[in-house]
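Chains as they are written, first to last, in the numbering used here: chain A, -5 to 834; chain B, 6 to 240. Okay, so here's the structure we're looking at.
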Amino acid sequence: MKLSSIVRLYRVRLRARLTQELFAVLGIAIGVALLFASQVANTSLDGSVQRLSAGIVGDMRFQIAGRDARGFDAALLSQVSRLPHVQAIVPVIEQNANLVGGGGERSVDMIGTDPHLAHLGGSIAQHLGSVPPRGARVFAVPPAIAQDIGVFSARPVTVQIGSSSATALLVPQLLARGTGSLGESPVALAPLDLVQRLAGLPNRLTSIYVRSAPRFDRLVKAELERLAGGRLNVRSADITTRLFRRAAGPVDQSTGLFSALSALVGFLFAFNALMLTVPQRRSLIEDLRLDGYTRSMIVQVLALDALVLGVVASVLGLLLGDVLSVAVFSANPGYLSFAFPIGEQRIVTWQSVTFAVLSGMLAAGAGVLTPLRAEIAERRAGLLQLRARQSRPQSWWLLPTAGACLAGTTFILVAEPQAAIVGVVSLTLALLLCLPALLDLVIRASGRLQTLLSGAASYLAVIELRSRSNRPRSLAIAATGAIAVFGSVSIQGARDSLQRGLDASARAIDSGADIWVTPAGTANSLATMPFVDRVSASLAQLPGVREVRLYRSSFLDWGSRRIWVLAPPRTDSHPIAASQLLHDGDLPSATARLRGHGWVVVSQAIASEHHLHTGGTFTLPSTEPTSLRVAALSTNMGWPPGAIVLNADDYARAWASEQPSALQVELAPGASAVAVGREVKQAVGTGSALRVETLAERVRLHYGTASQGLSRLTQIRTLVLIAAVLAMAAAMGAMIWQRRVRLADMKVDGFSRLVLWRSLVWESAILLGLGCAVGAAFGAYGQVLLSRALSVVTGFPVIESSPLAPAASSFLLITAVAVGMVAVPGYVAARVRPAVGLPE
Amino acid sequence: MLELRELVKHFPVPAGTPVRAVDGVSLNVAGGEFVALYGPSGSGKTTLLMLIAALLRPDAGSVLLDGRDISSLPDPEAARYRLHDLGFVRQTLNLMPGATALDNAALKLMGTDIGAREARRRIVPLLERLGLGERRSHRAEQLSMGERQRVMIARALSTEPKLLLADEPTGSLDSTRGREVLELLAQSCRERRVSVVLVTHDPQAASFADRVFALRDGRLVERESDRTGAVLKVG
């Protein structure tokens, strides 16, 4: 068969099914868009850190780095340079800084290095060639970051590092050209000595990047480890990217899972739309077979349908996805930006495009070739009138398989929660496999109910539902509703449980003080930046202040994890909340131990990785490696890579530093937090780099951060709901519209418009109600599964909530909206003239 | 040309006696001969046509076309047989909606290796012969029932088959238009020396045949026809 004939056949058939094809295109496009947008969002976060890291380290092989922001003595630089087989070194000092300009403030990762050595690093370090040399108080940020703080040309801005505040000249034009790899990354590039002066760390470095001679990597690394002496980290130069991937893993996983659900809804949307064209395609296949077309020729004809549909839908999906990724799935760094320099630029990789397009093509192929599959299955039974003699499709295996899937899900829930994704897939399969039997059950029940009601409308509805020819489409519509409600309830339930847990965690940590004093900047929201304390003594003298305590905290790289270290004062009566401990009964002993000497509470994930158990001893790889004992196991406190809690005195010993990262102000009895807060701000000084927050303000900030981090889940859920309602309403509407001739026949037989309309609404309500109810039931189970997975696998502090309320609300909302939408075309269709039913 | 030898096709019925749709039918049709199979609904007419079209396999017996047994052809061979040697006209007028009469008629030709343009060119004389020259650019929905059936005949004859099977071709038409269509069908086939097996329960349709057979409970009985529209003798 020639291509021209296949193309001609496609063209001549298109006119009659253009509307249905457009529905199908839209359905697949929505699925492709959801997949593509979520892929772009994930790769943008990963890519941002990766590009930044690669831009700095270039072809450097190793990094020797300090374990806190104070770093190590710069004298180490000359020792490293003298090592055999070391070809090049780049000294770096890296500090969290808060830039304050005329138009606002912004946290950045301030990187200082020697401009003379710029050519040795990556593409970003090379920009340092344009930064003025040693001694100049000039630095640069990407233009987008400068604009955020209202700086459009060279202008002095305030640079806050720790409690220090100083002025330096920001020249955005220095990075105006060739900043593709920088994009909107929150970094500042400056001469080494400027950062050292701004941070109050003269002659200190935080890391040295090293390039070894080819084939001497192992030797150079051994030499670096010898110099490090167990007090510095020696790692591959791209360690930041690896640490970030570990931190972002749970977020990526959950987003990927929910995106897959979205894509499934999109596919069902497409499938529904394609079902509208099935009668035409079946008729075409019959004709072609009678006329002598072989199966391969028929496949060629249908393959072009699928190809055109898939390509058009994929292109549209990519465009829609692009818009979605900007407007809805924007690469929101959220809480991960507290420990990693994450930019907000969108990064689109060829893998994301390929994955989305392949999914679109697959959906189109599956949908278009479905009638052919059915045709082949029926081949032996013949065509024409013989179809009526066919035995009903064998579906006895559906329920046992659904039961097996449910059993598998339950096994995963109880024994292997880390396989939650498999569990969700098997639960989805169980749902879909149950649906035919449940539909039969509901139709039978509706039939019984109809005999009680004795109404013509319900009678007609049941007749239509019993029709075998309507069955595939009925199942597809019910499945769409079921999957949508299932996804919605699962996602929303798990999100709510997580939000509750994170809020409880934030409240527990923040309630350690009535007023918090910390270095400014959003990147310091967890109070992880140490500073030189010059104000605690004076604050303690203020009226209304009972006590000022030193709180210490930071991030520490341990293996492949950047963990969060929290060190509340030893005198804190509640150093850890019961909700954070994995076993509530541990609280009294854990509290007593933390207030003692040399004990820590460790996140389960860290404990598992390092084979730690309660009561066991280990050495913490801090600045001064310290032997500690495990007091209890905890959640990850809302920080995906995990956290450890020890008292502030033990922290000072392990980090060899008395510097706090926050001052905890406790009010005298009866004092007002707002009033004392004002006093504290005055005492700290208006030009200070320190920020003063009341407990209420801080809790509000952390609730907002948690909510922002989970916002993508809410957005996905909303999109799933909208797509599902549109899919069901469109499919039902189109099905009703196609039935106009039959409705006209019924009018000829004397049925009134109202009866016909009510029968259509009855039919829709039964189908959509069934789908949504099944989805709600399975969704409640899905919520339990996902919540458990989040709690056990990722270690998040999850507080489970009852799935009944979200299940009921999603069921009612989607059913009501979809039935309401269907009622309109139903009303119009029921007004069809009786003459339409009479042939010429 | 066409020879049916003791054809048998039974359909099993759950918990019942099998339906004997075709039960030992033998028949010879000469080249260019017009044969009508007359019988009521459910008598096995369509099953017999499907056996001849290699859309069903017989339980016993064989179907020979020019001496070649087509009853046991593998699927691709059976499809080639239908494409090149057979034309099939049905009662249901399944034209492609939205497509013109020309494209609908050329559908079968497009399945050969001649390409779309050549297929559309070749079908025009046949459409004109069938009186559709002026209507060839009209879409399927714009054609009357009689015109639609003529499009189907054009499609069936487009690959110049040896044998044409017609399954109740006038079932959707009134008597006047049905007669016109049958006349055209008979003339066109006679001009091309195409053998015709017509299945019908319409006595008028049977009157166009050279020979008429009655089919009852799957068995074939020859009748006589006076070519004026009435069947003279039964059994």
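Beta carbons are placed, not taken as given, at the ideal position from N, Cα and C, and that holds for glycine.
Your pair residue 132(B) and residue 159(B) checks out as a contact, with CB atoms roughly 5 Å apart and the cut at 8 Å. Spatial neighbours of residue 224(B) in its own chain (CB-CB distance under 6 Å, excluding positions within 5 residues in sequence) are listed in chain order as 28. Per DSSP, residue 50(B) is one residue of the alpha helix (DSSP H) stretching across 50 to 57. Residue 157(B) is positioned such that its CB atom lies no closer than 8 Å to that of residue 201(B). Taken through DSSP and simplified to helix, strand or coil, residue 15(B) comes out as strand.
Rounded to the nearest angstrom, the Cβ distance from residue 623(A) to residue 592(A) is 6 Å, consistent with a contact under 8 Å. Counting along the chain, no alpha helix (DSSP H) covers residue 90(B), and no H or E run does either. Under the Cβ criterion of 8 Å, residue 50(B) is not counted among the residues facing chain A.
Taking the Cα positions, residue 104(A) is about 13 Å away from residue 201(A).
Per DSSP, reduced to three states, the secondary structure at residue 773(A) is helical. Of the residues 298(A), 332(A), 792(A) and 498(A), the one whose Cα lies closest to the Cα of residue 101(A) is 332(A). When C-alpha distances from residue 96(A) are compared across 208(A), 161(A) and 715(A), the shortest belongs to 161(A). Under the three-state reduction of DSSP output, residue 150(A) falls in the strand class. With respect to the C-alpha of residue 425(A), the residue from 795(A), 755(A), 773(A) and 665(A) having the closest C-alpha is 773(A). By the criterion of a C-beta distance shorter than 7 Å, residue 808(A) is surrounded in its chain by 475, 478, 479, 715, 718, 719 and 766, once the five residues flanking it on both sides are discounted.
If the five residues before and after residue 172(B) are omitted, its C-beta is found closer than 8 Å to the C-beta atoms of 50, 51, 54, 93, 94, 95, 96 and 204, all from its own chain and listed in chain order. Taking a 10 Å sphere around the C-beta of residue 197(A), we find fewer than 16 other C-beta atoms and assign the residue as exposed. For residue 513(A), the enclosing beta strand (DSSP E) stretches over residues 509 to 513. Within chain A, 6 and 7 have C-beta atoms less than 7 Å from the C-beta of residue 104(B), given in sequence order.
Listed along the chain, the chain A residues whose CB falls inside 9 Å of the CB of residue 87(B) are 283, 284, 285, 286 and 287.
Judged by beta-carbon spacing, residue 502(A) lies within the 8 Å limit of residue 571(A), meaning their Cβ atoms are closer than that value.
Using a CB distance cut-off of 8 Å, residue 804(A) does not count as an interface residue toward chain B. Contact note: residue 462(A) does not reach chain B at a C-beta cutoff of 8 Å; the least C-beta distance is about 17 Å.
The residues 152, in chain order, have a CB closer than 6 Å to that of residue 94(A) in the same chain once the five nearest residues on each side in sequence are set aside.
Unbroken beta strand (DSSP E) stretches of 3 residues or longer found wholly inside the stretch 485 to 567 of chain A: 509 to 513, 539 to 552 and 555 to 561, given in chain order. Taking a beta-carbon distance threshold of 8 Å, residue 23(B) does not count as an interface residue toward chain A. In this structure, the straight-line span from the alpha carbon of residue 68(A) to that of residue 36(A) is close to 38 Å. Listed by position along chain B, the residues whose Cβ is nearer than 8 Å to that of residue 425(A) form an empty set, because the closest Cβ is around 32 Å away.
Less than 8 Å divides the Cβ of residue 205(A) from the Cβ of residue 82(A). Taken through DSSP and simplified to helix, strand or coil, residue 22(A) comes out as helix. Residue 213(B) counts as buried, since at least 16 other C-beta atoms from the protein chains shown sit within 10 angstroms of its C-beta. Assignment of residue 790(A) by DSSP, reduced to helix, strand and coil, places it in the coil class.
For residue 446(A) and residue 782(A), the gap between their C-alpha atoms comes out near 45 Å. The way I'd put it, the stretch 811 to 818 of chain A does touch the stretch 753 to 767 of chain A; three or more beta-carbon pairs between them come closer than 8 Å.
In this structure residue 6(A) is buried. Its beta-carbon is surrounded by 16 or more other beta-carbon atoms within 10 angstroms. Taking 8 Å as the cut-off, the beta carbon of residue 87(A) is found no closer than this to the beta carbon of residue 218(A).
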